[in-house]
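Chains as they are written, first to last, in the working numbering: chain A, 1 to 254; chain B, 1001 to 1254. All C-beta atoms in this analysis are idealised placements derived from N, C-alpha and C, irrespective of residue type, glycine included. Everything below concerns the one structure shown next.
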């Protein structure tokens, strides 16, 4: 996890070209902070540096205040070796290959390791980047989406590129999780079993002097955590049913 | 890319518990649409289903209108075999392992393939999920962030989990990009070389009857696309300088 690893070298800067809404600029600043990015440049700002921007920035207010305002995209990326322009369509512009965010993250990481500055560039909310902007790009990046709704919120796109970059920096520090791939009982079945155990325990006055809800929650959590198969759950419920019967009709009847 | 692959089986539902702001619910609906998710459930809603929600939903308005409102988290996940609760802290709750979004995506994909329903659960913007909510979870998920700013915007967290899920579904359909890992000239150096070529071409009246700006842009793009090394760029500039000198003092002077 990022909190345990050294700060990565030369994070990319984020360049917002002609953003319209303060809320989106603020949210972008927050997203950058979340992902360890710090250099925000705003080109030809149309948005008002307003209440909405600062409200949405949350923990990113200092970053928002420190943002650089540039007159042109050229100024914003002049010292960069890699300039990745994000486009809402997977266009093939001139002869350039369109990267996806993970591929872009690999490129940015390599550039950072090679000591080169880099930038990720986002266009305005309504029109994106125009062809004139793309002249300053070295690569294009498109975020694959559902075919029916391709347009992402600006700050969400910033978050996503930041996430892929930060995740790529830290991927060696994570271990794979234990997973399972088999038919599992639904929550309501597990809950039914827990209730069944509850009834049984009621019958033997187990809860006297105890917090019944808390005890039942513990039982349910135990069942969930044990990742029972359908068969195991069926078996367990049979056991509980049998116990219940014996409590009602068993030893004491004899 | 998702647009070329068949719809994945059984996408997870998104459950928002006690969301406060309509804008975040709307943004979440939009993010879900972006990532091919369609089932939104809102538990114990505090937010007003207001103008802000519909404004932020953009292409996700139909999904927002179709959202299910549940009285409890238990109701919202009753038929799920896997319930992943997102927490802002990487807490170890009871004996449960905390997944990161990519690990969660693997689990969700496996559950989907196994024919099980699943849910990703997010808490309110100010307080997240409480321990009572976690009783209904089968797994926890924490989004790793920068240590200083760990709290993500609600809809950005939804987008990120959705992205990881959608990306995992389609990862076999992507090819790795060509990348480079060497010292590269900065944009301003490449631009300087292009300007130098421009001066040369001015000198020989190359632009007569042509659009000079467009021609120069083409030259700059060609230089950028060819991914020159510093050495190659230095060589090129030497060639152009020499040519310029010859145009000024060469053949015609003799």
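Would a C-beta distance cut-off of 7 Å place residue i and residue j closer than the cut-off?
i, j, result
"residue 1080 (chain B)", "residue 1119 (chain B)", "yes"
"residue 29 (chain A)", "residue 64 (chain A)", "yes"
"residue 1243 (chain B)", "residue 1200 (chain B)", "yes"
"residue 1185 (chain B)", "residue 1216 (chain B)", "no"
"residue 1022 (chain B)", "residue 1039 (chain B)", "no"
"residue 1134 (chain B)", "residue 1085 (chain B)", "yes"
"residue 1020 (chain B)", "residue 1125 (chain B)", "yes"
"residue 190 (chain A)", "residue 236 (chain A)", "no"
"residue 43 (chain A)", "residue 67 (chain A)", "no"
"residue 10 (chain A)", "residue 46 (chain A)", "no"
"residue 1159 (chain B)", "residue 221 (chain A)", "no"
"residue 152 (chain A)", "residue 143 (chain A)", "yes"
"residue 1122 (chain B)", "residue 1016 (chain B)", "yes"
What are the boundary residues of the alpha helix (DSSP H) that residue i is part of?
i, result
"residue 218 (chain A)", "212–225"
"residue 199 (chain A)", "187–203"
"residue 1104 (chain B)", "1101–1113"
"residue 80 (chain A)", "Counting along the chain, residue 80 (chain A) falls outside any alpha helix (DSSP H), and DSSP gives it neither H nor E."
"residue 1237 (chain B)", "1230–1249"
"residue 1133 (chain B)", "1131–1134"
"residue 1052 (chain B)", "1051–1057"
How is residue i classed by DSSP in three states: helix, strand or coil?
i, result
"residue 10 (chain A)", "coil"
"residue 1161 (chain B)", "helix"
"residue 1064 (chain B)", "helix"
"residue 1172 (chain B)", "Residue placement at residue 1172 (chain B) cannot be trusted, given a pLDDT of 33 that sits under 50; the coordinates are not used to answer."
"residue 1207 (chain B)", "coil"
"residue 1 (chain A)", "Because residue 1 (chain A) sits at a pLDDT of 41, beneath the cut-off of 50, its placement in the model cannot be relied upon, and the following sentence gives the value as read from the coordinates. Residue 1 (chain A) falls in the coil class under three-state DSSP."
"residue 1180 (chain B)", "Summary for residue 1180 (chain B): the model assigns pLDDT 41, below 50, so the residue's position carries little reliability, and this model does not support an answer."
"residue 85 (chain A)", "strand"
"residue 1041 (chain B)", "strand"
"residue 1140 (chain B)", "strand"
"residue 1152 (chain B)", "coil"
"residue 20 (chain A)", "coil"
"residue 26 (chain A)", "helix"
"residue 1127 (chain B)", "coil"
"residue 1015 (chain B)", "strand"
Considering only the alpha carbon of each residue, which of the options lies closest to residue i?
i, options, result
"residue 1248 (chain B)", "B:1224, B:1015, B:1161 and B:1202", "B:1202"
"residue 1035 (chain B)", "B:1168, B:1067 and B:1082", "B:1168"
"residue 1082 (chain B)", "B:1241, B:1237, B:1224 and B:1014", "B:1014"
"residue 148 (chain A)", "B:1026, B:1033, B:1020 and B:1012", "B:1033"
"residue 1163 (chain B)", "A:102, A:19 and A:132", "A:102"
"residue 1041 (chain B)", "B:1054, B:1031 and B:1070", "B:1070"
"residue 141 (chain A)", "A:37, A:68, A:31 and A:107", "A:107"
"residue 1146 (chain B)", "B:1206, B:1196, B:1219 and B:1088", "B:1088"
"residue 245 (chain A)", "A:210, A:204 and A:220", "A:204"
"residue 114 (chain A)", "B:1024, B:1241 and B:1230", "B:1230"
"residue 218 (chain A)", "B:1132, B:1027 and B:1100", "B:1132"
"residue 1196 (chain B)", "B:1239, B:1211, B:1117 and B:1026", "B:1239"
"residue 1099 (chain B)", "B:1139, B:1061, B:1212 and B:1109", "B:1139"
"residue 109 (chain A)", "A:208, A:12, A:212 and A:211", "A:12"
"residue 1112 (chain B)", "B:1057, B:1136, B:1166 and B:1060", "B:1166"
"residue 1226 (chain B)", "B:1210, B:1194 and B:1208", "B:1194"
"residue 1031 (chain B)", "B:1209, B:1117, B:1161 and B:1212", "B:1161"
"residue 962 (chain B)", "A:57, A:137, A:213 and A:211", "For chain B, the structure presents residues 1001 to 1254; residue 962 (chain B) sits outside this window and is missing."
At what residues does the beta strand (DSSP E) containing residue i begin and finish?
i, result
"residue 1119 (chain B)", "1118–1122"
### Message
If the cut-off is 7 Å on Cβ atoms, which residues from the stretch 206–228 of chain A count as contacting chain B, listed in chain order?
### Response
Answer set for the stretch 206–228 of chain A: 217, 220, 221, 224 and 225.
### Query
Taking a cut of 9 Å between CB atoms, which residues from the stretch 68–85 of chain A lie near chain B?
Listed by position along the chain: 74, 77, 78, 79, 80, 81, 82 and 83.
#### Entry: Within 8 Å of chain B by C-beta, residues of the stretch 113–136 of chain A in sequence order
So the close ones are 113, 114, 115, 116, 117, 135 and 136.
### Task
Identify each residue in the stretch 31–49 of chain A for which the Cβ-Cβ distance to at least one residue of chain B is less than 8 Å, and report them in chain order.
From the stretch 31–49 of chain A, only 31, 33, 34, 35 and 36 have a Cβ closer than 8 Å to chain B.
### Cβ-based contacts, 8 Å cut-off: residues of the stretch 1155–1166 of chain B near chain A
With the criterion set as a beta carbon lying under 8 Å from some beta carbon of chain A, the members of the stretch 1155–1166 of chain B are 1155, 1156, 1159, 1160, 1163 and 1166, in sequence order.
### Task
Taking only beta carbons into account, state which residues of the stretch 6–25 of chain A come closer than 7 Å to chain B, listed in chain order.
Using a CB distance below 7 Å, no part of the stretch 6–25 of chain A faces chain B.
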